[in-house]
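S.K.: Taken in order, these protein sequences are the chains called E and D. The numbering of the first sequence is my numbering, which starts it at 542 and goes up by one. The numbering of the second sequence is my numbering, which starts it at 542 and goes up by one. Idealized CB from N, CA, C, for every residue including glycine.
Protein chains: 2
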Amino acid sequence: MKYQHNFNPTISDENIFSEIIKEKEYIGYYNLTSQNTTAFKEYATTVKQSNIVVIGIGGSTLGTYAIYKFLKHSKNLSKKLYFLETTDPIDIKSKIEAINLKDTLFIVISKSGTTIETISIFKYINSLIKCDKNNTLVITESDSKLSEYAKINQIESFDIPKNVGGRFSVFSAVGLLPLAIVGIDIDELLNGAKEVYNSFFNKDLKYNKLLNKARFFVEYKNSFNMNVVFSYSSRLEGFNKWYIQLWGESLGKIDINSTRQGLTPIGIIGPVDQHSFLQLIIEGKRDKTVTVIKVDDFHSNLKIPNIKLDGLSELDYLNNLEFSSLINTQADATIESINNLNDIPCDVITIDGVSERSIANLMYEYELLTSICAKFMYIDAYNQPGVEAGKIILKDKLKDSIK
Amino acid sequence: MKYQHNFNPTISDENIFSEIIKEKEYIGYYNLTSQNTTAFKEYATTVKQSNIVVIGIGGSTLGTYAIYKFLKHSKNLSKKLYFLETTDPIDIKSKIEAINLKDTLFIVISKSGTTIETISIFKYINSLIKCDKNNTLVITESDSKLSEYAKINQIESFDIPKNVGGRFSVFSAVGLLPLAIVGIDIDELLNGAKEVYNSFFNKDLKYNKLLNKARFFVEYKNSFNMNVVFSYSSRLEGFNKWYIQLWGESLGKIDINSTRQGLTPIGIIGPVDQHSFLQLIIEGKRDKTVTVIKVDDFHSNLKIPNIKLDGLSELDYLNNLEFSSLINTQADATIESINNLNDIPCDVITIDGVSERSIANLMYEYELLTSICAKFMYIDAYNQPGVEAGKIILKDKLKDSIK
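(1) Under the three-state reduction of DSSP, which class applies to E863/E: helix, strand or coil?
(2) Sorted by chain position, which residues of the same chain lie with C-beta nearer than 8 Å to I593/E's C-beta, five sequence neighbours on each side aside?
(3) Do V679/D and A691/D have their C-beta atoms within less than 7 Å of each other?
(4) Can you pull the chain D residues whose beta carbon is under 9 Å from the beta carbon of Y858/E, in chain order?
(5) Using a Cβ-Cβ cutoff of less than 7 Å, which residues in the same chain neighbour R801/D once the five nearest sequence positions on both sides are dropped?
(6) Are at least three pairs of beta-carbons, each pair with one atom in the segment 828-841 of chain E and one in the segment 765-776 of chain E, less than 8 Å apart?
(7) Using only alpha-carbon positions, find the residue among S688/E, S764/E and S791/E that is nearest to Y923/E.
(8) Would you check if the distance between the CB atom of L910/D and the CB atom of L730/D is smaller than 7 Å?
(9) Anyone know if the C-beta pair for V759/D and M904/D falls short of 7 Å?
(10) Should Y761/D go down as buried or exposed, given a rule of 16 or more other Cβ atoms within 10 Å for buried?
(11) Using a beta-carbon distance below 7 Å, is A930/E in contact with chain D?
(12) Check whether the segment 655-662 of chain E and the segment 880-897 of chain D touch, using three or more Cβ-Cβ pairs below 8 Å as the test.
(13) Using the C-alpha atoms, what's the distance from R708/E back to K938/E?
(14) To the nearest angstrom, how far is it from the Cα of P926/E to the Cα of L821/E?
(15) Below 7 Å between beta carbons is the criterion; list the residues of the segment 774-801 of chain D that meet it against any residue of chain E, in chain order.
(16) For L843/D and D632/E, what's the separation of their Cα atoms in angstroms?
(17) Among the candidates D828/E, S912/E, R776/E and I892/E, whose CA atom is the shortest distance from the CA of T627/D?
(18) Confirm, please, whether the CB-CB distance from K703/D to T655/D is below 7 Å.
(19) Return helix, strand or coil for L622/D, following the three-state DSSP convention.
(20) Just checking: is the beta-carbon of K621/D within a distance shorter than 7 Å of some beta-carbon in chain E?
(21) Could you check the C-alpha separation between N781/D and T832/E for me, to the nearest Å?
(22) Any beta-carbon of chain D closer than 7 Å to the one on K634/E?
(23) When you compare the CB positions of D828/E and N667/D, do they come within less than 7 Å of one another, or not?
(24) Any beta carbon from chain E within less than 7 Å of D673/D's own beta carbon?
(25) So with CB distances below 8 Å, who are the chain D contacts of D893/E?
(26) For chain D, is any of its Cβ atoms less than 7 Å away from the one on F818/E?
(27) Listed from N- to C-terminal order along the chain, which residues in the segment 824-837 of chain D have their beta-carbon within a distance smaller than 7 Å of any beta-carbon of chain B?
(28) Could you give the DSSP three-state label for R898/D: helix, strand or coil?
(29) I need the DSSP call for T800/D, collapsed to helix, strand or coil.
(30) For N592/E, list the residues DSSP reports as bridge partners.
(31) Roughly how far, in whole angstroms, is the beta-carbon of N861/E from the beta-carbon of I848/E, given that I think they are within contact range, below 8 Å?
(32) Give me the Cα-Cα distance between K563/E and E555/E, rounded to the nearest whole angstrom.
(33) So, are the CB atoms of T605/D and G716/D less than 7 Å apart?
(34) How many angstroms separate the CA atom of A714/E from the CA atom of S635/D?
(35) Quick check: what's the CA-CA separation for S945/E versus S575/E?
(36) Measure the beta-carbon distance from G825/E to G931/D and round it to whole angstroms, keeping in mind my assumption that it falls under 8 Å.
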């Protein structure tokens with residue numbers, strides 16, 4: 542008789558690290574930091590249109606949106622970026638009505654090439670304006686049906702590497718090409734990602750930080766089954782959404798022991814959600830970890846003016862305070878009030894500023910953290926088998942309803 | 542010797558209902574359904590400006606935003622509504638730059654009258670344009686400092702009843718007045734709320750439905766500590782945010798037995814989040830209930846056109862399908878795939894259409910559900926003591942930094 546088991550052994554940091562090193566050979570996102578961006582930048586210089594509409598959903602848009610939303614008001618961008626991603630008819634109509642389609646480049650992004658939402662919306666666009674090589678660009682896997690469409694119609698097409706999953710694709714053509722077109726410095730993005738890459742793989746600061754954090758999250762996943770990211774800048778709203786997809790879809794899996802795993806991501810924004818979710822964190826059940834994200838330098842000197850309002854003199858102590866100081870002090874007060882409780886795990890990430898490098902630092906760090914957590918959890922971070930059943934049901938229902 | 546205890550007894554529906562009936566005597570939101578709206582409508586007719594800027598945060602804006610976001614593309618609204626709520630300097634600057642301040646009515650909303658974010662932003666506005674009775678309106682408690690400011694400056698001021706909490710205030714002046722000004726039918730809103738009020742208090746359909754749902758959520762709160770609202774319309778994004786505040790801040794409390802309570806609200810949007818959060822629901826830990834919200838009639842005949850794209854013929858079965866059918870079939874497929882698993886509690890709310898009555902139905906139902914859950918949990922739904930400590934720390938830090 543032979544007794545086999547795969548109970549989780551105690552895992553050393555070295556074990557996990559060597560698993561990641563192995564994975565780096567065949568999972569593509571890790572090495573996007575060192576890719577050549579010349580083709581993206583060259584294409585970007587040829588774009589004449591003022592509006593860039595990305596048609597895509599999930600991993601095809603969230604990362605791009607996160608970076609664009611973070612930077613758009615702080616950079617002098619030459620073009621506007623829009624996203625069409627839902628099948629909500631009111632949303633489609635209202636967004637399209639606000640855009641001059643004749644001055645628009647459409648970027649159709651779908652890894653599989655046959656995403657229902659994306660192709661349906663693209664067909665609708667085709668009924669409004671002729672889509673051809675002059676106003677359309679495709680980003681997809683090299684041998685997809687969408688790539689075939691592009692070839693037949695001589696439409697320029699960029700590849701999503703097969704080993705780069707949608708939610709890990711922000712530093713591939715999926716994110717870099719639209720961002721380069723609107724005027725974001727994509728080399729600086731990659732520099733930012735590379736800094737984190739180097740720090741981790743050279744076993745510098747990020748090595749301990751990320752391994753410890755992942756170990757804690759997984760070790761205490763049954764006590765703290767939610768991970769709250771509390772971002773103190775409205776500019777990070779897109780980052781929060783991207784994080785939710787990355788974390789939820791990568792870690793919500795059945796492990797090698799057929800056990801359901803998962804850490805639930807929650808994204809909130811400060812100070813707005815001090816007036817919403819914070820009460821639950823402070824007095825509710827101890828089922829959440831909290832990561833506060835701060836922006837060190839908003840590059841803004843916007844101030845509360847030295848104005849006295851009748852009756853409201855008790856707030857005059859705020860006069861002459863910069864809003865950037867106010868929001869960062871609000872973050873610090875929240876951190877202190879959480880830490881004073883002594884029973885809510887809380888860490889703080891401070892990014893340098895509102896720059897390509899800073900947002901890429903943050904996003905690449907979260908990609909690595911996700912991969913490491915998945916290793917601790919004995920799951921595959923890169924597939925999403927759970928949503929396949931729904932797709933088959935949808936197809937059956939639609940075919941039935943059309944018959 | 543006397544042995545006292547307050548272990549939770551088994552609670553009958555009748556007990557809870559009579560507690561709610563008692564509470565209705567002193568908690569103000571219940572009876573907002575039957576208030577007189579004449580003053581709001583009369584004020585609305587006097588507003589000449591094209592832009593309405595609400596300055597407020599949390600309960601002062603979320604409900605109004607939810608209704609406005611739901612209806613704005615489906616109604617022919619006469620004015621545009623904006624919200625200034627965060628202290629993020631980039632957000633404040635970019636929003637204000639996009640608005641013609643000379644053609645703007647500023648509505649300053651703060652229940653306490655001294656909300657730091659609100660007064661700070663209002664002061665900043667004062668440095669850009671003269672704010673007086675011609676372009677400013679105040680909504681606050683009758684004896685607040687902000688009310689004093691309004692009186693001294695002869696600025697019109699509407700009251701927030703003392704017994705109506707911020708997150709339950711959408712059907713008070715807080716929500717109704719800005720919405721009336723931009724052209725929303727506020728009487729229809731109240732009719733929608735009243736329908737649910739009647740159905741519950743007359744022990745009609747909503748009585749069993751809400752009591753059963755609340756009982757289930759509270760009974761299984763340790764197994765299912767998260768409640769996901771999965772809204773199949775981008776127009777419900779504001780509703781999700783409002784729900785998160787209502788649910789999180791009302792139920793995240795220490796109960797009468799000094800035990801931490803709380804159910805964590807999560808708001809996601811379909812079909813977009815099928816490509817994000819759904820994988821976690823389907824394969825992750827069984828720690829979530831799911832409520833799917835559908836819109837029966839989008840009042841839209843927007844179609845996928847009968848267009849064939851080279852290479853993409855496998856999706857031609859979608860041709861001629863209305864987008865509203867597609868999104869609702871997507872919702873049905875998600876519901877079926879969840880129900881097939883047999884171990885995720887799931888209910889479905891279908892609202893009639895994109896109308897005042899429908900969104901008010903939904904919001905008032907959630908207010909009642911929140912109150913009922915709080916009764917089952919032996920907590921006070923209407924306070925928020927957990928955020929007070931942070932406010933004191935903030936004030937100390939700010940005063941220190943300014944010295």
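M.R.: Let me lay it out:
(1) strand
(2) K620, K621, L622, Y623, T645, L646, I648, P719, I722 and V723
(3) yes
(4) K936, L939, K940 and I943
(5) I795
(6) yes
(7) S791/E
(8) no
(9) no
(10) exposed
(11) yes
(12) no
(13) 27 Å
(14) 33 Å
(15) S774, S775, R776, I785, Q786, G789, E790, G793, K794, I795 and R801
(16) 11 Å
(17) R776/E
(18) no
(19) strand
(20) no
(21) 22 Å
(22) yes
(23) no
(24) no
(25) By Cβ distance, chain D contributes nothing, its closest Cβ being about 15 Å from D893/E, past 8 Å.
(26) yes
(27) The chain labelled as chain B is not found among the protein chains of the depicted structure, namely E and D.
(28) helix
(29) coil
(30) K621/E and T645/E
(31) So it is not a contact: roughly 10 Å between Cβ atoms.
(32) 12 Å
(33) yes
(34) 29 Å
(35) Missing from the structure shown is residue 945/E; chain E here goes from 542 to 944 and no further.
(36) Not really, about 15 Å apart at Cβ, beyond 8 Å.
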